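**Student:** Quick one: the structure is below, questions incoming.
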Amino acid sequence: MTTTVQDQDRQEQLTNAAIERSAAYYRLKADVEDFYYNEADLLDERRFRDWLELLSDDISYFMPIRRNVKFGQQAARENTKRGEGISWFDEDKWTLTKRVEQILTGVHYAEEPLSRITHIVSNVQIKGARPEIGAPHELDVTSRFLVYQNRVEYETYIFVGRRNDTLRLTGNGFKIARREILLEQNILLAKNLTTFF
Amino acid sequence: MPLRNDFDQLVDVKGGFISREIFVDADIYRQELDKVFTRAWLLVGHESLVPNPGDFYTSRMGEESVILCRDKKSEIHVFLNSCRHRGMKVCRYEQGNTSLFTCPYHSWTYTTDGKLQGVPLHRTLYDGVLDREANSLVSVAKLCNYKGSIWATWDKDAPDFITYLGDARIHLDQALDCRDGREGGSEVIGVHKWVFPANWKFAAENFLGDTYHNPSHRSVDLIGIGPSAAAGKKGRRDDELEKAQHVWISFPEGHGVHSAIQPEANEYIESFLDNPILEQYFRHCFEERKRRLGEGARLLPFVGTIFPNTSYHGRQPRGLCAWHPHSPTSTEGWRFFLVDKDAPKEAKEYLRRYYMRYSGPAGMTEQDDMENWLYATAASTGTVARRYPFNYQQSMGAYVTDHPLGGDVSTQVTEQIARGFYRRWTTYMQGGDWHELLGSPASDRQAAE
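Next comes the structure, spelled out in structure tokens:
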């Protein structure tokens, strides 16, 4: 079945309209932004083990491959799907922990010496709150990222895209329960994806 | 332009030295596109990417875009993706189903068997002049569907693909046959495409039995990412080859493989401690394969490169790679990940996850390969660096030529395969005929004639 672009737009408008821009919304949004800035600090300061602490144990971390498809087929076919086939990342916490352990061996040559990386996060919007915005347990949050990587001497990559997160509120602050990373590239224009998004 | 002799100087197989020029020089690269990539058989894709009539998948041969397409009668074609009128790509989608390819520029249309059908205002503008038949999409000269994998060549004089493969065939089979020994039966579950700044030959050579680069993967071996990693096992793969005699083979057509021969007893080696269902499935496949192939089941091909730019991983993570030339110092890597089409869901789920954490630009193992290839290329472009050839003297002469597997067979890590690859590369660059390209010296042919 083919979902049209119009269908997708309508769905997004509905979710957008669902949350009133109340004082509670903006307070929560400020907290979420603060959480993201802290997360970016952990990654950019190479505090990878601390970053893992921000992930829920059941996290699904997903970066699809983006494909060139005919108009009208974007919703159905543009992105590879979570849970099937091959994507750039379709991972759980075990694999993400392995990636961190690998960097920390000091002999993962694709990150040794370590790259210089800056994560910029913007366009943060809360798209859903469960059970309600006043006392939420889970939030659906969208944002944009710009990740700048400089490696060794001349290697420089800029990764730009969107993130669709589900954040869970715990006694220990927010935890990322679900992350979808939409990198705005078809053929990957980088030799490696050694950073986290 | 280098003369015939120059290539002999650049590639000194006897002494074991190969000039860095062939990995960085723009003129040599342009000649490769003409002399290697328009003649050799190249991997285009897999039939599972175009299962139904009208299905297409855009691929590459050398630097050029091609369309792999199944026509209305279910016949598979490969066309240059360029309109005969002004060259516009007639297809800029990666995959889909269509009855016509319509050029966006002037709306010439082509049917799925490549024939020019629609020409706007044909009667007024072209009547009596335009020969539709002669303006079909440019088709490859030869095409072969080998156990589901699709290969093509632009050279009408090329030998058939099976002849071209020679004795490397049974090794490539391992990537294409079912785990339980049935022929063929694989499907592509996804494709990685990425660009990395290294000459394409670094990637091709990596799979030519360069087992010597193992230390660069120390980080994954330390942490363990294999199928028993959660049970505490280190390393990046299963242990199925731990008792095998490894063999490194250079074939006269330029192909090279690293395979393994299991001991006579050939017992299953437990490998999937993390998942009893997988353990049972792979044990079943192992026993079935042994039953079907008998003695032949002792051969377990591992990795290899089919000349010039197709590599395979026969076991885990199983797949086919095309190392498309992108520029003298950059390569577009495409990896087609394979599973048995009828494998149980649980096995497919495990395998795709394992492939992703192992392979490609996001793979924990191969990231380190790309790092090596990049900086090896970058550090070879300098004026002084180019004066000093790469050393290819490893295991000189340490091979036998009378092994039943054919080719030059070594039982130790060897650059004999790389030497064989570059010797054949030289024949292509010197414009050799197909007799020579398949590895028979010119003198043999004269004697035969």
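Those protein sequence lines, which keep their order, are chains A and B.
Each residue of the first sequence is one higher than the one before, counting from 1 in my numbering.
Each residue of the second sequence is one higher than the one before, counting from 1001 in my numbering.
Ideal Cβ positions, reconstructed from N, Cα and C, are used throughout, including at glycine.
Since the structure is predicted, the reported quantities are computational estimates derived from the model, not experimental observations.
From A:Thr142 to A:Glu111, what distance separates their C-alpha atoms?
**Tutor:** 29 Å
**Student:** Nearest by alpha-carbon distance to B:Lys1073: which of B:Ser1327, B:Pro1361, B:Pro1051 and B:Gly1431 is it?
**Tutor:** B:Pro1051
**Student:** Report the residues of the stretch 149 to 169 of chain A with a CB closer than 7 Å to any CB of chain B, ordered along the chain.
**Tutor:** none
**Student:** Is it the case that the Cβ atoms of B:Gly1202 and B:Gly1420 are separated by a distance below 9 Å?
**Tutor:** Note that residue 1202 of chain B is Phe in the sequence shown here, rather than Gly. It is not a contact, given that the beta carbons lie outside the stated cut-off.
**Student:** Specify the secondary structure class of B:Ala1230 as computed by DSSP and reduced to three states.
**Tutor:** helix
**Student:** Using Cβ-Cβ distances below 8 Å, what residues of the stretch 1331 to 1346 of chain B are close to chain A?
**Tutor:** Glu1332 and Phe1337
**Student:** When the Cα of B:Gln1066 is compared with those of B:Val1090, B:Gly1224 and B:Ser1048, which residue comes out closest?
**Tutor:** In the sequence as presented, Gln is not what sits at residue 1066 of chain B; that position holds Val. Nearest C-alpha to B:Val1066: B:Val1090.
**Student:** Smallest Cα separation from B:Ile1261: which of B:Pro1276, B:Phe1272 and B:Lys1243?
**Tutor:** B:Lys1243
**Student:** Check the Cβ-Cβ distances between B:Leu1222 and every residue of chain A, and say whether any is below 9 Å.
**Tutor:** yes
**Student:** Is the CB of A:Phe85 under 9 Å away from at least one CB in chain B?
**Tutor:** Checking the sequence shown, residue 85 of chain A turns out to be Gly, not Phe. Closer than 9 Å: yes.
**Student:** How is A:His119 classed by DSSP in three states: helix, strand or coil?
**Tutor:** strand
**Student:** Does B:Cys1285 come out as helix, strand or coil in the three-state DSSP assignment?
**Tutor:** Secondary structure at B:Cys1285: helix, using DSSP grouped into helix, strand and coil.
**Student:** Would you please verify whether the beta carbon of A:Trp94 is less than 9 Å from any beta carbon of chain B?
**Tutor:** With 9 Å as the cut-off, A:Trp94 counts as an interface residue toward chain B.
**Student:** Please name the residues in the stretch 1151 to 1166 of chain B whose beta-carbon is closer than 7 Å to at least one beta-carbon of chain A, in chain order.
**Tutor:** none
**Student:** What residues from chain A crowd round B:Pro1197, counting only those whose CB sits closer than 9 Å?
**Tutor:** Glu155 and Lys191
**Student:** Residues of chain B with CB closer than 9 Å to the CB of A:Asp90, please, in chain order.
**Tutor:** Arg1352, Arg1353 and Met1356
**Student:** Is the CB-CB distance between B:Leu1320 and B:Ser1330 below 9 Å?
**Tutor:** no
**Student:** Quick check on DSSP: helix, strand or coil for B:Asp1071?
**Tutor:** coil
**Student:** Go ahead and pull the three-state DSSP assignment for B:Asn1372.
**Tutor:** helix
**Student:** Quick one: residues in its chain with C-beta nearer than 7 Å to the C-beta of B:Pro1328, no 5 flanking neighbours on either side, listed in chain order?
**Tutor:** Excluding positions up to five away in sequence, the list reads Val1024, Asp1025, Ala1026, Tyr1029 and Asn1199.
**Student:** Return the residues of the stretch 98 to 123 of chain A that lie within a Cβ-Cβ distance of less than 7 Å from chain B, sorted by chain order.
**Tutor:** Lys98, Arg99, Glu101, Gln102, Thr105, Val107, His108, Tyr109 and Ala110
**Student:** Whole angstroms is fine: what's the gap from A:Asp90's alpha carbon to A:Arg82's?
**Tutor:** 6 Å
**Student:** Name the residue from A:Ala18, A:Ala30, A:Leu139 and A:Tyr37 whose alpha carbon lies nearest to the alpha carbon of A:Ile120.
**Tutor:** A:Tyr37
**Student:** Assuming contact is defined by CB atoms lying nearer than 9 Å, are B:Val1409 and B:Val1247 in contact in what I supplied?
**Tutor:** yes
**Student:** Any idea what DSSP makes of B:Ala1418, helix, strand or coil?
**Tutor:** helix
**Student:** Just to confirm, is the Cβ distance from B:Gly1015 to B:Phe1037 under 9 Å?
**Tutor:** no
**Student:** Does the Cβ of B:Gln1280 have 16 or more other Cβ atoms within 10 Å, making it buried, or fewer, making it exposed?
**Tutor:** exposed
**Student:** Name the residues in the stretch 1055 to 1074 of chain B whose C-beta lies less than 8 Å from a C-beta of chain A; which are they?
**Tutor:** none
**Student:** Taking Cβ positions, are B:Thr1109 and B:Leu1116 nearer each other than 9 Å?
**Tutor:** yes
**Student:** Please state if the CB of B:Gly1333 and the CB of B:Lys1166 are separated by a distance shorter than 9 Å.
**Tutor:** Checking the sequence, you will find Gly at residue 1166 of chain B rather than Lys. In this structure, the beta-carbon distance from B:Gly1166 to B:Gly1333 does not fall below 9 Å.
**Student:** May I have the straight-line CA-CA distance separating B:Ala1376 from B:Asp1131, to the nearest angstrom?
**Tutor:** 51 Å
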